[in-house]
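The sequence shown finishes on residue 859 if you use the numbering used here, and the numbering steps up by one all the way, no holes. By construction, the Cβ of each residue, glycine as well, lies at the ideal position given by its N, Cα and C atoms. A short worksheet on the structure shown next.
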Amino acid sequence: PVSVKLENYTPYPFAIDNVSLDFSLEPEATRVRTRMQVRRLGPGEFVLDGVGLLLNSIKLNGDELSLEDYERDDETLRLRSVPDAFTFETEVVINPAANTALSGLYISGGRFCSQCEATGFRHITFWPDRPDVMSRFHVRMDADKARYPILLSNGTPGDSGDLPDGRHYAEWDDPHPKPSYLFALCAGDYDVWRDSFTTMNGDHVDLGVYVDKGQADRAQWAMESLKASMKWDEERFGRAYDLGVFNIVAVRDFNFGAMENKGLNIFNSAYVLANPESATDADFEAIESIVGHEYFHNWTGNRITCRDWFQLCLKEGLTVFRDQEFSSDLRSRPVQRIKDVMRLRGRQFAEDAGPLAHPVRPQSYGSIDNLYTATVYEKGAELIRALTVLIGDEAFNRGMQIYFDEFDGTASTIEDFYSCFEKASGRDLSQFRIWYAQAGTPEVTVDESWDEKKSTLTIKLTQKTPATPKQSEKKPVPIPLRAALLDGRGGHCTADGWENGETVIILDEAKKKVEVKLPEGAARPLLSINREFSAPVRIKRDLGTAQLLELASAETDPFNIWDNFQTLSKTEIFRLLDDPQSPPDAELVRAIADAVRHNESDPAFAALLTALPEIGELFQEREPVDPTGLNEARKRLRHALAETLMVDASRILSEPTPTPFAPNAEQAGIRALRTAMIGLTGALGTQDAARQLKSLFDQAANMTEKLACLRSLIPIESMERDEAIEAFYADWKDNPLVIDKWFAVQAGQGKAADAERLSQHPDFDLSNPNRVRSVAAAFAMTNLAEFHAPDGSGHKVIGDIIEEADKRNPALAARLLTSFEQWKKLEPVAKASAKATLERLRDGGLSKNAMDIVARALD
Ligand code: HT7
Ligand code: ZN
């Protein structure tokens with residue numbers, strides 16, 4: 001397959017300062033007139049991107065061009081000779097109703113909607129569809145007034161009015177030059193939840209959240225989240241909003257979570273609509289974080305954009321870091337950190353260890369849609385966090401201000417970004433940038449020895465990054481490890497250079513020795529390392545269960561308390577896998593249970609302590625891996641924990657759930673612990689547990705607990721389970737977002753036959769990405785033991801769904817295909833089945849996006 005290479009970047013030889021777009025909207029034949037002012041910047045041809053456009057007219061300085069004046073192929077329009085300054089006009093016709101790929105202009109729920117990142121704009125009109133061409137957009141659109149009473153685009157509204165034949169028009173002006181991927185247009189009939197915000201500069205901003213008719217009250221939380229985001233960016237980064245209007249539009253059919261178009265964010269409705277009856281705490285949290293993420297892009301992405309798509313992490317990694325900080329400030333910092341690391345380890349570490357591994361800033365790509373990965377987003381965010389540890393918060397904040405001030409209005413690179421932190425910190429950060437070029441998760445080995453006579457602790461650190469596809473040699477990277485010396489009594493030991501017993505060790509070579517001198521006669525301290533997960537690495541320490549338990553009880557960092565139990569649980573699950581007759585370690589189970597009880601006053605944290613590592617994470621520790629055996633071993637440990645905590649579970653669940661419902665962190669924490677107890681009740685797997693869960697299901701006063709009961713009931717074959725599945729469907733069949741959950745819990749907990757049955761359900765809809773993901777992603781990405789079942793049934797059902805989905809929506813199919821990313825690690829029988837499925841898909845003919853994943857996976 002052809003790939004695009006970073007080294008081949010060349011600037012666009014023309015500037016297009018202004019563009020006018022004129023849309024005459026009809027679902028099956030929308031006419032788009034484009035008029036641009038072009039000026040030459042350097043030598044080169046005038047080449048525009050354009051795909052699937054019916055060309056009616058093409059004019060240069062007002063003169064219609066003839067066929068000899070230009071060349072056209074499936075993807076471009078090329079004019080060899082043009083003047084140094086000219087006006088260029090095209091008129092094309094497009095068919096939004098036939099656009100099932102959901103890139104460009106399409107129809108969702110009978111309304112027009114656009115998605116232009118990364119390369120959607122070329123499906124709308126001819127344009128240099130690359131992020132470094134930034135223009136001022138003026139948009140005019142007309143449409144049937146009854147069917148499309150609301151007409152929205154970027155910027156602020158201009159003229160509007162009625163036209164003959166029941167049509168009307170509206171104009172929008174965006175004064176901020178922007179790349180085409182930030183263009184947006186929405187037209188249709190919506191209800192709106194309105195509010196306003198006054199910026200720190202005293203500017204008034206009209207806010208609107210546009211949703212399906214009758215759903216306006218479900219937009220309140222998104223609106224609250226938007227106002228909180230606007231305030232937070234002012235307080236934390238000194239950045240205010242820069243237009244008089246900010247709108248969000250919710251659409252049901254969307255390939256991603258949301259899109260940060262200037263002044264007109266478009267959201268997957270799953271991340272806008274919520275009310276206490278239908279949404280879980282996880283939904284409320286996700287809405288808050290995604291609304292924040294898209295809003296924060298206004299500065300990190302829109303005002304300062306990317307020079308080319310290789311710099312994607314410049315906006316995405318940084319903006320994920322910003323949204324994580326926002327959530328930490330609004331909720332609990334340690335709980336947020338644990339959740340972020342769970343996600344990183346579950347998704348990004350897995351990606352980094354398989355055939356799809358790539359650097360945060362890759363050197364080449366086959367299909368740009370496939371670059372929106374956990375590595376670019378999540379590891380990209382971790383690198384920013386590691387940078388804050390390396391240079392300190394003060395230099396980081398100064399560097400951010402330099403970045404905002406120096407690069408505002410530009411299309412920038414990672415080098416530009418780091419130049420700001422070099423200025424702010426006075427340090428050479430060239431070695432840090434190796435992180436961006438090197439794939440794979442570094443492994444850090446920690447060895448300690450204690451010299452009692454010299455009261456000296458010697459810490460030996462080594463780093464090694466495993467080989468990844470096409471990158472066998474790895475260089476050392478600077479790894480900032482927060483560390484502390486624990487005294488075993490809940491405090492820290494003092495030592496030279498360790499203020500309050502804490503420091504940051506920078507491991508920037510392959511090996512490093514650190515000697516810590518403690519006061520004479522001091523007792524041996526316990527070393528706490530990579531506190532708060534200061535660097536995205538795997539820590540390898542040769543500690544036995546007793547030492548880890550001692551460390552867990554001496555820890556002062558909540559992240560490491562949780563992480564010590566994760567390490568202990570992982571080791572125990574592998575022991576149980578290797579010795580299926582042996583009972584789970586009672587001492588470990590007691591210790592986890594005690595930690596849960598001890599932290600009940602912080603219920604969100606206590607809930608996380610009950611969570612054993614997921615199969616996807618355990619996968620990474622073994623090769624070949626037996627997912628069925630691993631799942632059994634994990635279930636045995638969970639069963640033992642459930643038995644030990646059952647008295648506590650009964651007590652916690654007999655207490656009333658908080659009312660009236662509020663989606664705040666405090667209430668969500670209480671519900672998280674109740675939900676954890678519901679999960680442990682389910683882990684008992686008995687008919688008695690099924691009865692108890694059904695009774696909790698019937699009484700549940702909120703969606704978080706109701707769904708938790710349903711999830712826990714599904715693996716227990718019982719009348720109660722069947723009744724709950726039916727009742728849930730009957731209650732919510734008219735709410736697609738809740739029915740997505742109904743599909744997802746069954747696919748996530750069931751067998752391949754259940755996934756197959758769900759994919760045949762009358763409500764299963766291949767043209768809706770949320771619904772497809774609710775079966776296929778829930779099964780293949782969260783139910784790994786069944787997906788990788790040795791009889792190949794899981795691979796087959798997912799392969800079949802992908803094959804069908806790919807015919808309509810290649811970006812969706814390609815994303816689902818990433819669920820095969822760990823196939824090479826599987827035990828031989830499941831491995832052969834995964835390989836056969838990938839080969840069958842490859843040989844059956846796939847889209848470019850899907851083929852890019854399959855080819856890399858099979859390589
Ligand atoms: N920047 C947005 C990315 C996005 C996207 C990418 C490919 C195909 C469809 C897409 N929709 C949105 C989302 C974000 O990170 O904020
Ligand atoms: Zn983003």
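In the displayed model, Ser160 falls within a strand according to three-state DSSP. DSSP places His639 within a helical segment (H, G or I) once states are collapsed to three.
Its chain contains Thr445 and Lys511 as the residues whose beta carbon lies nearer than 6 Å to that of Thr462, once the 5 sequence neighbours on both sides are disregarded; these appear in chain order. Within the chosen limit of 8 Å, the ligand HT7 does not reach the beta carbon of Asn298 with any heavy atom. Nearest in C-alpha terms to Lys213, of all of Met200, Pro149 and Ser449, is Pro149. Here the distance from the Cβ of Ala258 to the nearest heavy atom of the ligand HT7 is below 8 Å. The DSSP assignment places 245-251 and 264-268 as complete runs of the beta strand (DSSP E) inside the region 219-285, in order along the chain (cut-off: 3 residues).
At a threshold of 8 Å, Lys315 counts as near the ligand ZN, since its beta carbon sits closer than that to one of the ligand's heavy atoms. Scanning Asp859, Leu152 and Pro177 for the CA closest to the CA of Gly188 turns up Leu152. In its chain, beyond the 5 residues on either side, Ala672, Leu673 and Ala676 have a beta carbon closer than 6 Å to the beta carbon of Ala607. Check the Cα spacing between Ile592 and each of Asp557, Glu621 and Ala552: the tightest is with Ala552. C-alpha of Pro355 to C-alpha of Phe779: approximately 21 Å in a straight line. Buried is the label assigned to Lys178, since at least 16 other Cβ atoms lie within 10 Å of its Cβ. Per the C-alpha coordinates, the member of Ile287, Asn255, Arg236 and Leu713 positioned closest to Ile248 is Ile287.
Rounded to whole angstroms, the separation of the alpha carbons of Gly120 and Asp69 is 26 Å. Taking a 10 Å sphere around the C-beta of Lys694, we find 16 or more other C-beta atoms and assign the residue as buried. Taking every protein chain shown into account, the CB of Asn500 has fewer than 16 other CB atoms within 10 angstroms, so this residue is exposed. Following the DSSP letters along the chain, one finds Ser695 in no beta strand (DSSP E) but inside the alpha helix (DSSP H) bounded by residues Gln687 to Gln699. Taking the Cβ atoms as the reference, Gly292 lies roughly 17 Å from Asp242, outside the contact range of under 8 Å. Taking 9 Å as the cut-off, the beta carbon of Arg634 is found no closer than this to the beta carbon of Leu609. Excluding five sequence positions before and after Thr782, the CB atoms of its chain that fall closer than 7 Å to its own CB belong to Gly748, given in chain order.
Counting C-beta pairs closer than 8 Å gives three or more between the region 127-143 and the region 6-17, which meets the contact rule.
The Cβ neighbour count for Gln115, taken over all protein chains shown within 10 Å, is at least 16; the residue is labelled buried.
Here Lys460 is bridged, per DSSP, to Asp447 and Lys513. Following the DSSP letters along the chain, one finds Cys186 inside the beta strand (DSSP E) bounded by residues Leu185 to Gly188.
Of the heavy atoms belonging to the ligand ZN, none sits nearer than 8 Å to the Cβ of His168.
Residue environment for Ala381: buried (at least 16 other C-beta atoms within 10 angstroms of its C-beta). In chain order, Ile434 and Trp435 place their CB closer than 6 Å to the CB of Val477, counting only its own chain and leaving out the 5 sequence neighbours on each side.
Here the distance from the Cβ of Thr319 to the nearest heavy atom of the ligand ZN is below 8 Å. Listed as beta-bridge partners of Val139 by DSSP are Leu21 and Trp172.
Here DSSP, grouped into helix, strand and coil, assigns Cys709 to helix. By a beta-carbon distance limit of 8 Å, Trp172 does not contact Gly161. Their separation comes to about 14 Å. Straight-line spacing of the CA atoms in Gln37 and Arg122 works out to 18 Å. Unbroken beta strand (DSSP E) runs of no fewer than 3 residues, entirely contained in the region 513-548, are found at 526-529 and 538-541, following chain order.
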